[in-house]
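Novice: If you're matching them up, the sequences are chains A and B in order.
Position one of the first sequence corresponds to residue -15 (my numbering), numbered consecutively onward.
Position one of the second sequence corresponds to residue 16 (my numbering), numbered consecutively onward.
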Amino acid sequence: MASLITCPHCGRRPKEEFSIRGDAVPERPAPAASEEAWHAYVYLRDNPRGNIREYWHHVAGCRRWLVVERDNLTHAVFAVTDAREAAKGGTA
Amino acid sequence: MSISFTHRHILEDRMGGYEPSPNANHLTVVRRPVIFSTLAHAGHEAAVAEALSLVEDVVVRSVSPSDWLVVSQSASAATISASLATIPGLSFAEQSDGQVLMALSGPDVRTILAKCVAVDLHADMFAEGQSAPMMICRVAGNLARTGADAFEIIVPRSHAAYVFDELRDAGREFAMTRGFGD
Chain A
-15 MASLITCPHC GRRPKEEFSI RGDAVPERPA PAASEEAWHA YVYLRDNPRG NIREYWHHVA
45 GCRRWLVVER DNLTHAVFAV TDAREAAKGG TA
Chain B
16 MSISFTHRHI LEDRMGGYEP SPNANHLTVV RRPVIFSTLA HAGHEAAVAE ALSLVEDVVV
76 RSVSPSDWLV VSQSASAATI SASLATIPGL SFAEQSDGQV LMALSGPDVR TILAKCVAVD
136 LHADMFAEGQ SAPMMICRVA GNLARTGADA FEIIVPRSHA AYVFDELRDA GREFAMTRGF
196 GD
């Protein structure tokens, strides 16, 4: 159990307890937005090396959605925020 | 509560073996606990948590900031249901048939649990009375510390046999005994 994620509600937990949804950076376009904007939102993703921001679901714990900022090269975790708090405070 | 589920416990067939009396390390399966799953509506979390702590004859296990398990070994489901219904901003559902409650106690219980749980169970990190949802033998369950060397586990009924077998194997080196407690 190499990767430990510090859940804001449950504390330090192994990554096996979580399920990763994916990139948390794309913002959902307005319903009436252009087809290009929706195509980009649904299908187009960067595949960066280094710092990434992702949605993680703490499936086996508090069952809350979290925003995890981590380095996908070194596995260092910089910040974990509840997704609701992150949504309230913009980029938390 | 349906008769067929309470009539025969899911772990009934696993209690065999020659164990005349409980050892120091013992696993008790509670035969008929009452377990409610509760959820506070947005904005009511603090008030609901406060109100839940005042309900009599129950213990409250924390799941998430707005989510608790209400467990009782003495009060009836109807009584608890009636008390929960008076709390504003709370939704609840009875889960007694769907969950299995096991209690572990003994001097080596932390070593036994360390084989199944990835959370630090030192008293400084996980104090008496504390509870948290976590993976227990790779099954999502709830673990609570009820004493210095006593823990309670709540796991879904359909995974209980597997968790029970894993705990039995983990406790074998300490001659952990097991049995029903009523």
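All residues carry an ideal CB built from backbone N, CA and C; glycine is no exception.
Quick check: is the beta carbon of V78(B) nearer than 8 Å to any beta carbon in chain A?
Specialist: Your numbering for residue 78(B) matches position 63 in the second sequence. So yes, V78(B) belongs to the interface.
Novice: D180(B) to Y25(A), Cα distance in whole Å?
Specialist: As a position in the second sequence, residue 180(B) is number 165, starting the count at 1. As a position in the first sequence, residue 25(A) is number 41, starting the count at 1. Spanning the two alpha carbons is a distance of roughly 46 Å.
Novice: Consider the Cβ of A44(A): report whether some Cβ of chain B lies at a distance smaller than 8 Å.
Specialist: Numbered from its first residue, the first sequence carries residue 44(A) at position 60. When Cβ-Cβ separations below 8 Å define contact, A44(A) makes contact with chain B.
Novice: Report yes or no: is there a C-beta of chain B within less than 8 Å of the C-beta of E69(A)?
Specialist: On the first sequence, position 85 is the one that residue 69(A) refers to. Taking Cβ atoms only, chain B never reaches closer than 8 Å to E69(A), which makes this a no.
Novice: So with CB distances below 9 Å, who are the chain A contacts of M149(B)?
Specialist: On the second sequence, residue 149(B) is found 134 positions in, with the first residue counted as 1. In chain order: C(-6), R(-3), E1, A44 and G45.
Novice: Only counting the same chain, and skipping five residues up and downstream in sequence, which positions put a Cβ closer than 8 Å to that of S91(B)?
Specialist: Numbered from 1 along the second sequence, position 76 holds the residue referred to as residue 91(B). Residues of the same chain with a CB within less than 8 Å of the CB of S91(B), apart from the 5 flanking positions on each side, are V49 in chain order.
Novice: By how many angstroms is the C-alpha of E11(A) removed from the C-alpha of I168(B)?
Specialist: Position 153 of the second sequence, counted from the first residue, corresponds to residue 168(B). Position 27 of the first sequence, counted from the first residue, corresponds to residue 11(A). Between I168(B) and E11(A), the C-alpha separation is close to 40 Å.
Novice: Work out the CA separation of V86(B) and V73(B) for me, nearest whole Å.
Specialist: For the purposes of this step, residue 73(B) is taken as residue 58 along the second sequence, with counting starting at 1. For the purposes of this step, residue 86(B) is taken as residue 71 along the second sequence, with counting starting at 1. C-alpha separation (whole angstroms): 5 Å.
Novice: Return the residues of the region 55 to 85 of chain B that lie within a Cβ-Cβ distance of less than 8 Å from chain A, sorted by chain order.
Specialist: V78, S79, P80 and D82
Novice: Among the residues of its own chain, which have a CB less than 7 Å from the CB of A175(B), if the five just before and after it don't count?
Specialist: Working through the second sequence from its first residue, we reach residue 175(B) at position 160. Only I25, L26 and V115 meet the Cβ criterion.
Novice: Starting from R48(A), find everything on chain B with Cβ-Cβ shorter than 8 Å and list it in chain order.
Specialist: Counted from its first residue, the first sequence places residue 48(A) at position 64. Here the neighbours are S79 and P80.
Novice: In the DSSP output, which residue or residues are listed as bridge partners for E29(A)?
Specialist: The residue you call residue 29(A) lines up with position 45 of the first sequence. Glu is not the amino acid found at residue 29(A); the sequence shown has Arg there. Answer is none; R29(A) lacks a bridge partner.
Novice: Relative to chain A, which residues along the region 123 to 140 of chain B have a C-beta separation below 9 Å, given in chain order?
Specialist: A133, V134, D135 and M140
Novice: Work out the CA separation of A133(B) and T43(B) for me, nearest whole Å.
Specialist: Mapped onto the second sequence, residue 43(B) falls at position 28. Mapped onto the second sequence, residue 133(B) falls at position 118. One C-alpha to the other measures close to 22 Å.
Novice: Kindly say whether S155(B), judged by its beta-carbon, lies nearer than 8 Å to any beta-carbon of chain A.
Specialist: The residue you call residue 155(B) lines up with position 140 of the second sequence. Before going further, note that residue 155(B) is Ala rather than Ser in the sequence given. For A155(B), the answer is yes, since a Cβ of chain A falls inside 8 Å of its Cβ.
Novice: Which same chain residues end up closer than 8 Å to R54(A) when comparing Cβ atoms and leaving out the 5 residues on each side of it in sequence?
Specialist: Here residue 54(A) refers to the residue found at position 70 of the first sequence. Correct list, in chain order: N35, I36, E38, A60, V61 and F62.
Novice: Among residues of its own chain, excluding the 5 on either side of A159(B), which ones have a beta-carbon nearer than 6 Å to its beta-carbon?
Specialist: Residue numbering aside, residue 159(B) sits at position 144 when the second sequence is read from its first letter. In the same chain as A159(B), and ignoring 5 residues on each side of it, the C-beta atoms closer than 6 Å to its own belong to R76, S146 and E167, in chain order.
Novice: Measuring straight from C-alpha to C-alpha, what distance separates R47(B) and P103(B)?
Specialist: Counting from 1 along the second sequence, the entry for residue 47(B) is found at position 32. Counting from 1 along the second sequence, the entry for residue 103(B) is found at position 88. Looking at the two C-alpha atoms, the distance is approximately 28 Å.
Novice: Starting from D55(A), trace the beta strand (DSSP E) in both directions and tell me its first and last residue.
Specialist: Within the first sequence, numbered from 1, the residue matching residue 55(A) stands at position 71. W49 to D55 is the extent of the beta strand (DSSP E) around D55(A).
Novice: Pull up the CB-CB distance for D164(B) and G121(B), whole angstroms please, since I reckon it's below 8 Å.
Specialist: Counted from its first residue, the second sequence places residue 164(B) at position 149. Counted from its first residue, the second sequence places residue 121(B) at position 106. The beta-carbon distance between D164(B) and G121(B), rounded to whole angstroms, is 6 Å. This is short enough to meet the 8 Å contact definition.
Novice: For D123(B), which residues from the same chain have a beta carbon less than 6 Å from its beta carbon, with the 5 sequence-adjacent residues on both sides left out?
Specialist: Residue 123(B) sits at position 108 when you count from the first residue of the second sequence. Cβ within range, chain order: N40 and F189.
Novice: Strictly by DSSP, which residues pair up with L158(B)?
Specialist: On the second sequence, residue 158(B) is found 143 positions in, with the first residue counted as 1. Bridge partners of L158(B): A147(B) and I168(B).
Novice: Taking V81(A) and I(-11)(A) to be in contact with their CB atoms under 8 Å, please state how far apart those CB atoms are, rounded to whole angstroms.
Specialist: Absent from the structure is residue 81(A), since the part of chain A shown begins at -15 and ends at 76.
Novice: What separation, rounded to the nearest whole angstrom, lies between the Cα atoms of A14(A) and Q110(B)?
Specialist: Within the first sequence, the letter at position 30 stands for residue 14(A). Within the second sequence, the letter at position 95 stands for residue 110(B). Each residue's alpha carbon lies about 40 Å from the other.
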